[in-house]
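With numbering that gives the first Met the number 0 applied, the first sequence corresponds to residues 0 to 287, in that order.
Even for Gly, the Cβ is constructed at its ideal location relative to N, Cα and C.
Structure first, then comments.
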Amino acid sequence: MRKRSRGLTSEYGRREKRPTTAAIKKFQEMIYGYYRNHKRILPWRNIQNPYHILVSEIMLQQTQVQRVAGKYEQFISKFPDFSALAGAPLKMVLKEWQGLGYNRRAIVLKQIAREVTERFGGDLPSSVETLETFPGIGRATASAIAAFAFQKPVVFIETNIRRVFIHVFFHDKIDIKDTEILPFIEKTLDTSNPRDWYYALMDYGVMLKKGHENPNRRSAHYQKQSPFPGSNRQVRGMILKMLTNESSLSEQKILQKLAICPEKLRDNLLQLEKEGFVKRKWRQFTIA
DNA sequence: GTCCGGTTTA
DNA sequence: TAAACAGGAC
0 MRKRSRGLTS
10 EYGRREKRPT
20 TAAIKKFQEM
30 IYGYYRNHKR
40 ILPWRNIQNP
50 YHILVSEIML
60 QQTQVQRVAG
70 KYEQFISKFP
80 DFSALAGAPL
90 KMVLKEWQGL
100 GYNRRAIVLK
110 QIAREVTERF
120 GGDLPSSVET
130 LETFPGIGRA
140 TASAIAAFAF
150 QKPVVFIETN
160 IRRVFIHVFF
170 HDKIDIKDTE
180 ILPFIEKTLD
190 TSNPRDWYYA
200 LMDYGVMLKK
210 GHENPNRRSA
220 HYQKQSPFPG
230 SNRQVRGMIL
240 KMLTNESSLS
250 EQKILQKLAI
260 CPEKLRDNLL
270 QLEKEGFVKR
280 KWRQFTIA
């Protein structure tokens, strides 16, 4: 006779390592139970267009759902498919990106669109491995696309998923590494419907933000970021906002409007030039 | 480990 | 004010 099966965590059995099928079932039913009553209705859910999914996933990197929701549909209508985005001027793409932050994503999205049209005949690849070869697509984004656009039973972690598993399975632990969490994600994955399963996990993770301390603070990967006011990020954002609203500007003109020290402006313009945001021609700066 | 946006919420 | 955000690149 088989040994007594063991639970996933203290909630399902003390000091146990391997999950029982019953424990897995119980966890899945809790997550799906919450999902039935509290699912978020979002414009990039329950759709099949891989381009739309890609745009949403790039936008959602480190960016709140509500903010993406306000930009996503106009972006899609402005650039309806890979070839439209690939052929659009960067200036127009950056204009539609205004307010989302991390403007490099606008560049990489355009680059991805170009590569998809040129190397893949306009079809976004479906494997995590290939998706990860694109700029701006790492493991999390590649996996999300595979799950949401192609119903692939991939195992991955992002901030909402991480919060769920830390809260439920690592209740009294600190410095939890993602490599410790991933086996739990794998064991509990609903392989019959990974797309809905990950929707449900994420919605549950959003709920866990309210009412108590963020469980993700017990993640080994948690770190708070440097202040925004006075940062290069702020300067870069202001420069790009100006340049998307003008045909071209001199360094002097930008300096007048920003009122920062000249060295800081020079460094940022050089950096933006290097990253492909702006071009310099006859001492005038324009969007590249 | 650090940098990269900009907004909302507590 | 701080904190957090469907991360990725270097």
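Asked: Assigned secondary structure, F119 (DSSP; H/G/I helix, E/B strand, else coil); Found: coil
Asked: C-alpha gap between P261 and Q110, whole angstroms; Found: 32 Å
Asked: At least 3 beta-carbon pairs within less than 8 Å: the segment 24 to 39 vs the segment 108 to 122; Found: no
Asked: For S125, three-class secondary structure by DSSP; Found: coil
Asked: Minimum C-alpha distance to K25 - residue among T187, G275, R113; Found: T187
Asked: Contact the segment 175 to 195 vs the segment 96 to 107: 3+ CB pairs below 8 Å; Found: no
Asked: Inter-residue CB distance, E160 and M201 (contact presumed, cutoff 8 Å); Found: A small fix is needed here, since residue 160 is Ile in this sequence, not Glu. That pair is a contact at about 7 Å.
Asked: Boundaries of the alpha helix (DSSP H) in which K77 is found, first to last residue; Found: 71 to 77
Asked: Secondary structure of L288, DSSP reduced to three states; Found: One cannot answer for residue 288 here, as it falls past the ends of the chain, which runs 0 to 287.
Asked: Nonlocal neighbours in the same chain, by C-beta distance under 7 Å from T190, ignoring five residues either side; Found: P152
Asked: Rounded separation between V54 and T19 - CA only; Found: 38 Å
Asked: Span separating the alpha-carbon of T285 from that of V277; Found: 5 Å
Asked: Range of the contiguous alpha helix (DSSP H) that encloses I238; Found: 231 to 242
Asked: S218 - partner residues in DSSP beta bridges; Found: I175
Asked: Where W196 falls, given that 16 or more other Cβ within 10 Å makes a residue buried; Found: buried
Asked: 7 Å Cβ cutoff met for A141 and V127; Found: yes
Asked: At least 3 beta-carbon pairs within less than 8 Å: the segment 231 to 249 vs the segment 203 to 223; Found: no
Asked: Rounded C-alpha distance that separates T129 from I144; Found: 11 Å
Asked: Own chain, CB closer than 8 Å to Y71, minus 5 neighbours either side, in chain order; Found: P42, W43, V54, S55, M58
Asked: Neighbourhood of Q270 by C-beta distance below 6 Å, restricted to the same chain and skipping five residues each side; Found: none
Asked: Reference R39, options Q65, K256, W281, L248, closest by Cα; Found: Q65
Asked: Residues near R14 by beta carbon distance below 8 Å, same chain, minus five either side; Found: Residue placement at R14 cannot be trusted, given a pLDDT of 46 that sits under 50; what the coordinates show is reported in the next sentence. For R14, where only same-chain residues beyond five positions count, there are no Cβ hits under 8 Å.
Asked: Rounded separation between A105 and T132 - CA only; Found: 17 Å
Asked: A146 and R217 closer than 7 Å at C-beta; Found: no
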